[in-house]
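Residue numbers (the numbering used here): 13 to 388.
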């Protein structure tokens with residue numbers, strides 16, 4: 013058997029591929045467009061590993077996706093492919109519409125065509141001949157891959173639910189969608205498409221909506237890696253507004269384990285929220301990173317990295333609070349995060365300190381220009 017992972021060179025997707033192949037020998041076909049945030053260096057440890065088949069390409073390329081599906085006959089597709097940075101969506105929403113909405117639509121259509129040619133159930137794999145005998149019709153049938161056993165798992169975000177006040181209960185799977193940014197609106201649309209392809213065509217789908225991820229291999233445009241990289245470089249640590257925006261934080265390896273759990277046992281057509289049970293304001297996150305760096309990589313002059321914190325103009329339409337209620341996933345499938353925020357953030361800072369070459373290589377001139385413009 014094989015699985016197809018889309019967006020498997022990005023932050024969460026690459027961690028999932030590495031985690032998957034560390035735990036089993038089932039091959040992964042990894043399709044990634046390699047945009048600015050997709051980094052093949054993250055997958056360097058898999059060079060020469062026959063279980064990992066990397067293909068550079070777009071989920072919107074129907075011919076390519078259909079060829080990969082026909083050639084590798086995956087039992088599941090796990091869709092991470094997305095443009096995901098809110099600030100970039102504000103300044104350039106077109107790419108988010110094209111990838112997150114149109115790309116998801118084209119991917120769903122390619123997968124639907126592949127899925128529909130699979131046998132409905134295992135007994136159908138033998139096709140009768142005119143003489144009364146039977147013959148096995150395809151390699152997919154020989155492996156007992158059927159429409160019933162196939163899965164399409166769509167990875168999404170808690171931002172589709174909108175914003176919470178400080179006293180509101182955490183987002184449950186039954187919350188209405190109220191996206192407030194071009195990014196979250198595009199992801200909400202993709203979620204609706206996935207759900208519609210299940211109810212209209214019967215495609216066996218699963219959806220996960222996660223809270224803010226952090227951990228190794230995170231591109232330094234997001235809050236935690238940006239703070240680590242800027243702090244070590246002696247640069248300002250930009251904090252939007254008053255810094256009291258609250259997010260739930262999920263260690264990326266916990267997210268990977270949740271996806272594996274849902275892929276294995278989730279109920280078809282269902283959505284599962286994935287959270288870390290770690291609600292914290294952004295300024296507390298930044299201060300925690302500074303304290304860890306003070307301990308692990310103290311400055312020569314003895315000052316704290318917190319002295320580099322700089323408050324900047326808030327993001328337009330900045331959601332005040334996100335919080336995920338992940339009790340459904342725990343109750344139905346027994347999943348809980350293994351890391352607390354204290355253990356996860358320490359592991360994250362340690363990883364960045366131990367991997368300066370990776371950080372240096374992903375910080376291209378285009379990246380530096382964007383950060384300078386964004387946080388000026």
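Quick reminder that beta carbons are idealized off the backbone N, C-alpha and C, glycines included.
With a threshold of 8 Å, are at least 3 pairs of Cβ atoms found where one atom belongs to the segment 114-128 and the other to the segment 86-105? The answer is yes - the segment 86-105 touches the segment 114-128, with three or more Cβ pairs under 8 Å.
Which residues in the same chain have their Cβ closer than 7 Å to the Cβ of residue 321, if we skip the five residues on either side of it in sequence? In the chain shown, the residue the question calls residue 321 occupies position 309. The residues are 249, 251 and 298.
When every heavy atom of the ligand NAP is checked, does at least one fall within less than 6 Å of the C-beta of residue 78? Ligands in the displayed structure: none, and consequently the ligand NAP is not present.
Residue 328: buried (16+ other C-beta within 10 angstroms of its C-beta) or exposed? Your numbering for residue 328 matches position 316 in the chain shown. Sixteen is the threshold: since fewer than 16 other Cβ atoms of the shown chains lie within 10 Å of the Cβ of residue 328, the residue is exposed.
Proximity winner among 193, 39 and 77, relative to residue 60 (alpha-carbon distances): Counting from 1 along the chain shown, the entry for residue 60 is found at position 48. The candidate whose alpha carbon is nearest that of residue 60 is 39.
Drop a sphere of 10 angstroms on the beta-carbon of residue 212, count the other beta-carbons inside from all chains shown, and report buried for 16 or more, exposed for fewer. Mapped onto the chain shown, residue 212 falls at position 200. When all chains shown are included, residue 212 counts as exposed.
Measure how close the beta-carbons of residue 389 and residue 77 come, nearest whole angstrom, since I'm counting them as under 8 Å. No answer is possible for residue 389: it lies beyond the span of the chain, which begins at 13 and ends at 388.
Quickly, what does DSSP pair residue 323 with across the bridge? List them, please. Position 311 of the chain shown, counting from 1, holds the residue named residue 323. Partner(s): 251.
Residue from 330, 305, 340 and 312 whose Cα sits closest to the Cα of residue 366: Numbered from 1 along the chain shown, position 354 holds the residue referred to as residue 366. Here the closest residue by C-alpha is 305.
Cβ contact (3+ pairs, closer than 8 Å) linking the segment 219-231 and the segment 271-290: The answer is yes - the segment 271-290 touches the segment 219-231, with three or more Cβ pairs under 8 Å.
Comparing C-alpha positions only, which one of 171, 267 and 94 sits nearest to residue 259? Counting from 1 along the chain shown, the entry for residue 259 is found at position 247. Measuring from the Cα of residue 259, the nearest candidate turns out to be 171.
Between the segment 191-201 and the segment 301-315, do at least 3 Cβ pairs fall closer than 8 Å? Contact between the segment 191-201 and the segment 301-315 is absent, with fewer than three C-beta pairs closer than 8 Å.
Give the DSSP-derived three-state secondary structure of residue 88 in the structure shown. Working through the chain shown from its first residue, we reach residue 88 at position 76. In the structure shown, residue 88 sits in a strand (DSSP, three-state: E or B).
Tell me the residue span of the beta strand (DSSP E) that contains residue 389. Since the first residue shown for the chain is 13 and the last is 388, residue 389 is missing from the structure and cannot be characterised.
Please classify residue 178: does DSSP put it in a helix, a strand, or coil? Counting from 1 along the chain shown, the entry for residue 178 is found at position 166. Of the three classes helix, strand and coil, the one that applies to residue 178 here is coil, per DSSP.
Which class does residue 316 belong to by DSSP, given the choice of helix, strand or coil? Numbered from 1 along the chain shown, position 304 holds the residue referred to as residue 316. Assigned with DSSP and collapsed to three states, residue 316 falls in coil, not helix or strand.
For residue 38, the three-state DSSP class (helix, strand or coil): Along the chain shown, one-based indexing puts residue 38 at 26. The DSSP-derived three-state label of residue 38 is coil.
Between residue 115 and residue 72, how many whole angstroms is the CB-CB distance? I'm expecting something under 8 Å. As a first step, residue 115 must be located in the chain shown, where it is residue number 103. As a first step, residue 72 must be located in the chain shown, where it is residue number 60. Their Cβ separation, rounded to whole angstroms, is 4 Å, which keeps residue 115 and residue 72 in contact under 8 Å.
So, at 7 Å on beta carbons, what are the nonlocal neighbours of residue 318 in its own chain, with the 5 sequence-adjacent residues on each side left out? Translated into positions along the chain shown, residue 318 becomes position 306. Exclusion of the five residues before and after residue 318 leaves 299 and 302 as the residues of its chain whose Cβ lies within less than 7 Å of its Cβ.
Rounded to the nearest angstrom, what separates residue 341 and residue 200 at their Cα positions? Taking the chain shown and counting its residues from 1, the one referred to as residue 341 is at position 329. Taking the chain shown and counting its residues from 1, the one referred to as residue 200 is at position 188. Here the C-alpha atom of residue 341 lies approximately 20 Å from the C-alpha atom of residue 200.
Which whole-angstrom value describes the C-beta separation of residue 183 and residue 285, a residue pair presumed to lie in contact below a C-beta threshold of 8 Å? Taking the first residue of the chain shown as position 1, residue 183 is located at position 171. Taking the first residue of the chain shown as position 1, residue 285 is located at position 273. Sure, about 7 Å apart at Cβ, within 8 Å.
Note down the Cα distance separating residue 31 from residue 19, rounded to an integer number of angstroms. For the purposes of this step, residue 31 is identified with residue 19 of the chain shown, where counting begins at 1. For the purposes of this step, residue 19 is identified with residue 7 of the chain shown, where counting begins at 1. Near 15 Å, if we compare the C-alpha coordinates of residue 19 and residue 31.
Whose CA, out of 375, 357 and 14, lies closest to the CA of residue 228? Your numbering for residue 228 matches position 216 in the chain shown. Closest in alpha carbon position to residue 228, among 375, 357 and 14, is 357.
So who's on the other strand from residue 105, going by DSSP bridges? Residue mapping note: residue 105 aligns to position 93 of the chain shown, counting from 1. Answer is none; residue 105 lacks a bridge partner.
Are the Cβ atoms of residue 267 and residue 225 separated by less than 7 Å? What you label residue 267 is simply residue 255 of the chain shown in a count that begins at 1. What you label residue 225 is simply residue 213 of the chain shown in a count that begins at 1. Taking 7 Å as the Cβ cut-off, residue 267 and residue 225 qualify as a contacting pair.
Tell me the residue span of the alpha helix (DSSP H) that contains residue 126. The count along the chain shown starts at 1 and reaches residue 126 at position 114. Membership of residue 126 in the alpha helix (DSSP H) is indicated by the continuous run 116-128.
Distance, Cα to Cα, residue 175 vs residue 236? Walking along the chain shown from the start, residue 175 turns up at place 163. Walking along the chain shown from the start, residue 236 turns up at place 224. So the two alpha carbons sit approximately 21 Å from each other.
Residue of 207, 214 and 46 minimising C-alpha distance to residue 282: Position 270 of the chain shown holds residue 282. If we check each option's Cα against that of residue 282, 207 comes out closest.
Taking the runs of the beta strand (DSSP E) that are 3 residues or longer, which of them lie wholly in the segment 246-300? Within the segment 246-300, the complete beta strand (DSSP E) runs of at least 3 residues are 249-252, 258-263, 283-286 and 291-293.
Buried versus exposed call for residue 100 [16 or more other C-beta atoms within 10 Å across all chains shown]: Numbered from its first residue, the chain shown carries residue 100 at position 88. With at least 16 other beta carbons inside 10 angstroms of its own, residue 100 counts as buried.
Based on the DSSP secondary-structure assignment, which residues constitute the bridge partners of residue 165? As a working mapping, residue 165 is identified with position 153 in the chain shown. Looking at the DSSP assignment, residue 165 forms a beta bridge with 90 and 218.
Assign residue 113 to one of three DSSP states: helix, strand, or coil. Position 101 of the chain shown, counting from 1, holds the residue named residue 113. The three-state reading of DSSP puts residue 113 in helix, counting H, G and I together.
Using CA coordinates, which residue listed in 21, 240 and 324 is at the minimum distance from residue 372? Here residue 372 is taken as the residue at index 360 of the chain shown, counted from 1. That would be 240, whose Cα lies nearest to the Cα of residue 372.
Residue 188 to residue 173 span [Cα, whole Å]: As a first step, residue 188 is located in the chain shown; it is residue number 176 there, counting from the start. As a first step, residue 173 is located in the chain shown; it is residue number 161 there, counting from the start. Distance between residue 188 and residue 173, taken at the CA atoms: about 6 Å.
Cα-Cα separation, residue 262 to residue 169: On the chain shown, residue 262 is found 250 positions in, with the first residue counted as 1. On the chain shown, residue 169 is found 157 positions in, with the first residue counted as 1. Looking at the two C-alpha atoms, the distance is approximately 12 Å.
Excluding the five sequence neighbours on either side, which residues of its own chain have a C-beta within less than 6 Å of the C-beta of residue 344, listed in chain order? Working through the chain shown from its first residue, we reach residue 344 at position 332. Counting only residues of its own chain and dropping the five nearest sequence neighbours on each side, residue 344 has no CB closer than 6 Å to any other CB.
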